[in-house]
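This report concerns only the one structure given below.
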Amino acid sequence: MTFFSLSPALRLRIGVGFVNRFADSMITTFMAIYLALEYSVALAGVLMVAVVSLGVVGMLIGGHVADSRGRRVTLLAGESAVVVTFVVMVFGESSLLASPLVVYLAYVVNKFAASLALPAHDSLIVDITTPEIRKQVYTVNFWAVNLALATGAMLGAVLYDGRFVLMLVIAAVGSAGVVVSTWLWIAETKPETVRTEAAKPPMREFVSGYRQVLRDRTFIQLMVAGTLTLAVEFQLINYVGVRLAADLPEQDLLSLGTWSVRVDGPEMLGVLRAENTILVVIMALFAPVLLRKVSDRIGLYLGTGLFIGGYMVLAVSNTGWLLMVAGFVFTVGELMSVPIKQTLLANLVPDHSRTRYMAVHNLNIRLAQLIAALCITVGSVLPSWGMAGLYAVFGLIIVWQYRLVLRTVTTAGIVNPAPADISADAAEPTREPTEAR
Numbered sequence: 114m115t116f117f118s119l120s121p122a123l124r125l126r127i128g129v130g131f132v133n134r135f136a137d138s139m140i141t142t143f144m145a146i147y148l149a150l151e152y153s154v155a156l157a158g159v160l161m162v163a164v165v166s167l168g169v170v171g172m173l174i175g176g177h178v179a180d181s182r183g184r185r186v187t188l189l190a191g192e193s194a195v196v197v198t199f200v201v202m203v204f205g206e207s208s209l210l211a212s213p214l215v216v217y218l219a220y221v222v223n224k225f226a227a228s229l230a231l232p233a234h235d236s237l238i239v240d241i242t243t244p245e246i247r248k249q250v251y252t253v254n255f256w257a258v259n260l261a262l263a264t265g266a267m268l269g270a271v272l273y274d275g276r277f278v279l280m281l282v283i284a285a286v287g288s289a290g291v292v293v294s295t296w297l298w299i300a301e302t303k304p305e306t307v308r309t310e311a312a313k314p315p316m317r318e319f320v321s322g323y324r325q326v327l328r329d330r331t332f333i334q335l336m337v338a339g340t341l342t343l344a345v346e347f348q349l350i351n352y353v354g355v356r357l358a359a360d361l362p363e364q365d366l367l368s369l370g371t372w373s374v375r376v377d378g379p380e381m382l383g384v385l386r387a388e389n390t391i392l393v394v395i396m397a398l399f400a401p402v403l404l405r406k407v408s409d410r411i412g413l414y415l416g417t418g419l420f421i422g423g424y425m426v427l428a429v430s431n432t433g434w435l436l437m438v439a440g441f442v443f444t445v446g447e448l449m450s451v452p453i454k455q456t457l458l459a460n461l462v463p464d465h466s467r468t469r470y471m472a473v474h475n476l477n478i479r480l481a482q483l484i485a486a487l488c489i490t491v492g493s494v495l496p497s498w499g500m501a502g503l504y505a506v507f508g509l510i511i512v513w514q515y516r517l518v519l520r521t522v523t524t525a526g527i528v529n530p531a532p533a534d535i536s537a538d539a540a541e542p543t544r545e546p547t548e549a550r
């Protein structure tokens, strides 16, 4: 399955997600640098914590509103606010105001609004797909997300120094296109069952909805596995990056006669990140064909093993070519397991509380970032082989949690373990979404 073999509705949703993540990657990658230069490194850290905290609040509110009021209205509200705040950031950075404070305050609201819309966007893909096709759809979406993050960061790197206003204008125009697309072509897909719920006071409805999510043991098991997986993935820009900068001796990565590619620790980190991005963008196109006969159980277990094994090598090796081999291995593991994990999540969440589940699940990114940051401190005490052992423990916990989840969903008959090949027509929703109000 490729992007162009999907139904128009799915292509639109994945395309909208691409633009959102492209703009976010282009701006967010450099906001900490911007704040550090305008204020100080210490204050920049505090300001970014405030951004992250309000993003969490926005995500929880967005999950509740999308389940109780609808996906489309939540998307339009969040995406419209994103456009407005990007425009405010343009004026704040321009010579008309030249106010870093205005830029920052608009950015805070921007991240809150984007977080508000994110659970609804994630739920839209689930709403219009069937369990049989979700793994293939999520493989394509995984490819699109990584391409957006990579190209957004690269364009941001080119434009940031001296062209920050132009970067903000591009983000504003792209986000405006998302709002127009949502208004014209995205219909309401909230299940009818949600609209029949008894009315409750807003705060009570909010609390009871999320209490139900947190009581779902199988969902929590899947979230634990996903959080630890992300925590290991974030090691590349945390402990592994610090270790390479401190310990990796300058060496020839490639040598042909008198010509050679010589790298130090930070440059090796850049090579590994570029390798991962390029491999994901290229290999994700062929992964559905290559892995079509691999069951979900084997894909999760083997993929997790390769992923953790690759990072264990990154934790201990100081040999450039071996680090690159490890980068290839963990990328293959990532490609094998991520679409299956996303499909499990989509198949597990109930229709009436789908975006609440998505909102809580998206918090695993914040938890994983916290664990990854703590690993820097742990790594200052443990030797590198000790950190590799810690990654192995994480891997065992991940596999154990997946085993519990698969046992539950197999018993309940939720997951179809044999992936199916589909045509574009098969990707249409099994029920006609209700018209937007």
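Per the numbering used here, the sequence shown starts with residue 114, numbered consecutively. Every residue gets a Cβ at the ideal spot worked out from N, C-alpha and C, and that includes glycine. None of these values were measured; they are calculated from a predicted model.
Straight-line measurement puts the Cα of Leu448 at about 11 Å from the Cα of Ile395. The shortest CA-to-CA distance from Gly290 to any of Gly128, Thr521, Ala486 is the one to Gly128. Here DSSP, grouped into helix, strand and coil, assigns Val374 to strand. Pairing Arg134 with Pro244, the inter-Cα distance amounts to about 25 Å.
Residue environment: Trp256 is assigned as buried (16 or more neighbouring CB atoms within 10 Å of its CB, all protein chains considered).
Rounded to whole angstroms, the Cβ separation of Leu436 and Met381 is 6 Å, and the two are in contact under 8 Å. A distance below 7 Å between beta-carbons, with the five flanking residues on each side excluded, links Gln325 to the following residues of its chain, in chain order: Ser466. At the C-beta level, Thr187 and Ala122 stay beyond 7 Å of one another. Sixteen is the threshold: when 16 or more other Cβ atoms of the shown chains lie within 10 Å of the Cβ of Leu404, as they do, the residue is buried. Assignment of Asp240 by DSSP, reduced to helix, strand and coil, places it in the helix class. From the listed residues Tyr217, Val374, Leu427, Arg469, the smallest Cα separation to Leu327 is found for Arg469. With respect to the C-alpha of Leu361, the residue from Trp372, Thr371, Pro379 having the closest C-alpha is Pro379. Within the model, the alpha-carbon separation for Met139 versus Phe277 is close to 10 Å. Three or more Cβ pairs drawn from the segment 333 to 346 and the segment 415 to 429 lie within less than 8 Å of each other, which places the two stretches in contact.
Remark: three or more beta-carbon pairs, one from each stretch, lie closer than 8 Å, so the segment 221 to 233 and the segment 158 to 177 are flagged as touching. Per DSSP, the beta bridge partners of Leu369 are Trp372. Rounded to whole angstroms, the Cβ separation of Ala285 and Val196 is 6 Å, and the two are in contact under 8 Å.
Apart from the 5 residues on each side of it in sequence, Val506 has no Cβ closer than 7 Å to any other Cβ in its chain.
When beta bridges are read from the DSSP output, Gln514 appears opposite no residue. In this structure Leu413 does not touch Leu385 by the C-beta definition: roughly 24 Å separates them, more than the 8 Å allowed.
Going by beta carbons, Thr444 and Leu509 fall outside the 7 Å limit. In the DSSP assignment, Leu349 falls outside any alpha helix (DSSP H), carrying neither H nor E.
Your pair Asp240 and Thr302 checks out as a contact, with CB atoms roughly 4 Å apart and the cut at 8 Å.
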